[in-house]
């Protein structure tokens with residue numbers, strides 16, 4: 123064979139090698155996990171399938187794998203999410219994001235499995251300007267009782283963010299585990315006023331003070347902790363782009379807003395969801411949130427819409443509609459007594475509707491009793507309110523309104539008993555105290 | 026070569042573009058697992074003639090929340106023949122299957138004596154508490170329900186009468202666990218009923234993926250527990266005398282009326298609602314008065330400390346039992362107590378979800394608790410589950426309390442990689458059906474090394490731990506009176522199972538019944554019993570209401586290890602008095618009467 127022949131042969135061999143290599147890459151490309159879509163929310167299923175197709179088209183793109191992982195994590199499909207992040211890590215091994223997200227996916231369900239990827243993330247995170255990898259790793263180590271290792275990570279985090287309340291809170295826990303109560307106190311107090319740690323810091327402070335024999339401070343912090351709303355999650359930059367896909371995730375977000383008292387935003391999101399697809403429970407939640415915002419007209423509208431869709435065994439819409447009508451009638455009474463009377467009648471009817479289905483629904487007896495009282499039917503009102511107390515002897519409202527109605531009826535001794543019981547049940551509620559004070563002057 | 030250069034460069038580039046390094050394989054460590062030894066339990070169900078299939082109620086596709094919680098069971102001696110009997114609850118609703126009462130007969134087998142007993146009721150029956158409410162020496166029965174509570178008075182001769190209305194017991198909430206205690210130390214057993222959530226069946230629930238499932242408790246507001254004070258004979262003012270021991274327990278029912286007063290609001294317990302599931306009554310602060318611990322599902326637990334004046338003060342946070350060591354609330358279900366490290370103080374164990382850890386709070390100093398789950402070796406690796414019923418008992422009688430947990434999920438196991446559910450193989454799992462098998466998990470057993478450190482011995486106990494189930498109740502008792510604690514497991518939509526303790530080699534033992542002759546010779550619920558042998562001390566309680574939705578053998582069981590002789594037995598009675606009783610040989614049952622010991 124001449125020189126040309128050899129050259130051609132080498133070229134063909136090289137071409138064959140490259141073709142073989144590409145062929146091997148293509149057919150042995152990692153495949154994303156199979157998902158059974160049958161019961162998934164359609165929006166969630168569509169989003170996952172779109173992301174999955176992207177991965178199949180770009181099987182060597184860490185970003186594509188990461189995007190799919192984030193969607194799976196948002197849908198609580200944690201093992202599948204972790205598998206996707208693991209693949210992203212293989213493709214982009216120097217990026218701490220992928221092992222971090224892998225570990226975070228396991229964090230809530232299996233801390234042992236979360237540990238190795240979080241350790242890798244922390245090892246890669248030296249040049250990253252966030253404490254997240256060290257903090258998350260420290261939390262897992264603390265939960266596993268590996269306190270010395272947890273401390274190292276927390277100290278590292280402290281060098282980056284010396285005032286971070288979550289780091290100080292965790293250092294406080296660590297010191298408590300080691301029986302170093304003064305140090306624990308010092309760190310916990312650094313978290314006492316942050317929205318991310320205030321409640322849990324107060325809880326832990328109560329425990330520490332109790333161990334130190336300082337019972338009064340322990341009680342004070344216990345009360346404070348009980349009165350605080352849930353702590354917000356600390357701001358995790360690796361999770362800031364977590365998608366909210368599908369109605370369940372949006373409902374979860376609405377629930378979170380309601381829990382934090384952000385009814386205005388909850389109303390916005392509920393309205394949007396209802397426009398997409400009206401549902402009974404959404405109308406009920408909308409009605410309740412509007413009621414809490416004082417927008418009684420729109421609350422009534424939402425609850426009537428709910429009633430139109432109500433399943434047979436539901437009482438929530440009727441009950442809350444009764445409450446809305448009662449409140450509005452109370453406001454309307456001076457301006458328009460006739461209108462108010464009609465609203466009181468309808469409130470009573472709503473309460474009766476609930477009681478027909480749920481004969482021990484104490485709050486409906488309260489609504490019924492108050493409506494009857496305003497309609498001038500005092501004996502029936504007293505019957506209803508007494509029944510409310512019987513159904514729920516621990517309801518402050520039941521005792522309070524019974525007490526007020528008894529006082530109106532001139533039954534002062536019985537009124538006093540009811541109002542005193544209301545005070546016992548809710549020492550911080552000013553209404554029964556004010557009524558008792560008024561009663562004493564009569 | 027110059028002509029080859031571009032081709033070889035091309036070739037080199039092509040080769041170098043391929044390949045990637047994989048990260049190191051994941052490694053995780055499971056909880057400490059002991060190499061298999063001889064099993065401690067064998068399945069006794071068929072041999073003992075126990076045939077009970079749980080009715081879980083409405084069609085599974087409706088995801089009716091109460092069917093995921095119930096039901097429990099009781100081990101108690103209803104006819105006073107010295108043999109434990111069994112009461113099993115159904116959850117099929119008003120038209121469903123009825124609760125069953127099984128009497129243990131002389132050959133050790135169980136006979137269904139439900140018909141005509143009065144206890145064979147249908148309903149959404151959750152839990153059971155056993156206690157002698159009228160001090161006539163016969164144990165009475167409380168059943169909690171999804172909306173309601175029932176009290177059945179033991180009339181003797183295997184009959185029980187529903188006296189709920191005349192007793193003044195009214196609980197319209199979803200009742201879960203219940204317990205008897207004498208919170209005012211007047212000699213009459215009072216009742217605490219823990220209530221769950223204010224459930225609305227019209228609310229559908231899904232996970233974030235949209236998969237329909239049972240609602241989590243946070244979907245609904247919690248309920249307040251109820252405390253009922255036993256008015257005893259005081260109500261009639263006639264001073265009905267207690268039934269003396271010569272009347273015997275099989276005589277017709279005495280006419281002593283039973284009346285309770287709802288003191289929830291007055292006691293302070295009505296101030297805090299929560300999704301309560303588990304309850305445990307014990308003296309948490311060491312002042313001799315019983316306190317009330319409530320395990321809440323997904324919210325802070327509550328510890329109500331008895332103020333001695335009919336009121337209780339909530340102190341769970343400062344005493345360290347509200348949250349875990351990370352300051353997080355967990356899903357509290359089953360509760361048990363026991364001195365796991367032999368320091369003379371009882372410790373508290375509460376079961377949680379699969380995604381969480383069950384929690385061991387060790388007491389020390391008195392009245393203060395610290396989460397020591399990790400230190401005790403109980404951090405759950407693979408194989409753990411959503412725990413419900415739980416028992417701390419010395420199963421192998423080596424002198425250290427071991428731990429049993431029965432598991433079963435409340436939400437679907439995460440699965441999407443295949444269309445088959447996690448436990449769909451095998452006859453047993455297949456028998457659960459396509460709906461229930463998503464919730465089945467395996468039970469667990471842990472051995473205490475004597476210093477309060479535990480090792481997982483589930484693998485060595487296939488009868489109890491190999492079969493996935495949706496377990497809820499776990500009741501314990503010495504069914505064959507051989508000095509070893511046996512177990513009864515209830516499951517959702519499955520059979521109840523009885524397990525015989527066959528642990529060997531094992532140590533010596535003592536089984537003590539503490540009774541109060543002044544109150545009908547009933548069990549002295551709330552008594553603390555200490556057995557002394559040389560430098561060793563063991564502590565137990567007369568407290569049948571532990572675990573989840575269950576009532577247990579009211580006797581105190583002690584494993585004594587190698588000690589064949591006991592030096593003394595001391596009892597702190599529920600009224601605060603203390604007595605010492607002489608020791609003696611091990612390996613038998615004793616009945617100790619209040620007033621017959623030496624006061625100290």
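Chains as they are written, first to last, in the working numbering: chain A, 123 to 564; chain B, 26 to 625. Ideal Cβ placement from N, Cα and C applies to all residues, glycine included.
- When rounded, the separation of the alpha-carbon atoms in residue 346/B and residue 297/B is 16 Å.
- When C-alpha distances from residue 98/B are compared across 421/B, 391/B, 621/B and 571/B, the shortest belongs to 571/B.
- Residue 305/B is a Cβ neighbour of residue 362/B, given a cutoff of 8 Å.
- Within the region 352-394 of chain B, the beta strand (DSSP E) runs of at least 3 residues that lie entirely inside it are, in chain order, 360-363, 372-375 and 384-388.
- Restricting attention to 228/B, 472/B and 386/B, the CA atom closest to the CA of residue 341/B is found in 386/B.
- Residue-level contact by beta carbon holds for residue 249/B and chain A, with a gap shorter than 8 Å.
- Inter-residue distance for residue 240/A and residue 230/A is about 13 Å (C-alpha atoms, whole angstroms).
- Residue 288/B is not a Cβ neighbour of residue 328/B, given a cutoff of 8 Å.
- Among the bridge pairs identified by DSSP, residue 604/B is matched with 596/B and 624/B.
- Within the region 518-600 of chain B, complete beta strand (DSSP E) segments of at least 3 residues are found at 522-526, 533-541, 553-558, 561-566, 581-586 and 590-597, given in chain order.
- Residues of the region 314-325 of chain A with a C-beta atom less than 7 Å from some C-beta of chain B are 322 and 325, listed in chain order.
- C-alpha of residue 355/B to C-alpha of residue 227/A: approximately 19 Å in a straight line.
- In the three-state reduction of the DSSP assignment, residue 175/B falls in the strand class.
- According to the DSSP assignment, residue 444/A belongs to no beta strand (DSSP E) but to the alpha helix (DSSP H) extending over 438-454.
- Against chain A, the beta carbon of residue 197/B has neighbours under 7 Å at 482 and 513, listed in chain order.
- In the DSSP assignment, no residue is bridged to residue 240/B.
- Under the three-state reduction of DSSP output, residue 248/A falls in the helix class.
- Interface residue (Cβ-Cβ distance to chain B less than 8 Å): residue 370/A is classified as such.
- In this structure, residue 360/B sits away from residue 311/B, with a CB-CB distance that is not shorter than 8 Å.
- For the region 526-556 of chain A, the continuous alpha helix (DSSP H) assignments of 4+ residues that do not extend past its boundaries occur at 534-547, in sequence order.
- By alpha-carbon distance to residue 369/B, the top candidate from 392/B, 384/B, 400/B and 463/B is 392/B.
- Leaving aside the five residues that flank residue 207/A on each side, the residues in its chain whose CB is nearer than 6 Å to its CB run, in chain order, 191, 220, 223 and 224.
- Identification of residues in the region 208-240 of chain B having a C-beta nearer than 8 Å to some C-beta of chain A yields 225, 226, 227, 228, 229, 231, 232, 233, 234, 235, 236 and 237, given in sequence order.
- Within the region 313-337 of chain B, not one residue has a Cβ closer than 7 Å to any Cβ of chain A.
- Taking a cut-off of 8 Å on C-beta distances, the region 143-150 of chain B touches the region 115-124 of chain B, as three or more cross pairs fall below it.
- Secondary structure of residue 437/B (DSSP, three-state): coil.
- Under a 10 Å Cβ-count criterion, residue 134/B is classified as exposed, with fewer than 16 other Cβ atoms of the shown protein chains found around its own Cβ.
- An exposed status is given to residue 453/A, since fewer than 16 other beta-carbon atoms sit within 10 Å of its beta-carbon.
- For the region 375-406 of chain B, the set of residues with a beta-carbon nearer than 7 Å to any beta-carbon of chain A comprises 380, 393, 399, 400, 404 and 406, in chain order.
- Annotation: residue 92/B is outside any beta strand (DSSP E) and is labelled neither H nor E by DSSP.
- By the criterion of a C-beta distance shorter than 8 Å, residue 233/A is surrounded in its chain by 262, 265 and 266, once the five residues flanking it on both sides are discounted.
- Annotation for residue 433/B: 410, 411, 413, 464, 465, 466, 494, 495, 496, 497, 516 and 517 place their beta carbon closer than 8 Å to its own, counting only its chain and skipping 5 residues before and after.
- Take the alpha-carbon of residue 127/B and the one of residue 168/B: they are about 16 Å apart.
- Counting along the chain, the unbroken alpha helix (DSSP H) around residue 460/A starts and ends at 459-479.
- In the DSSP assignment, residue 156/B falls within the beta strand (DSSP E) that extends over 150-156.
- Pairing residue 151/A with residue 214/A, the inter-Cα distance amounts to about 15 Å.
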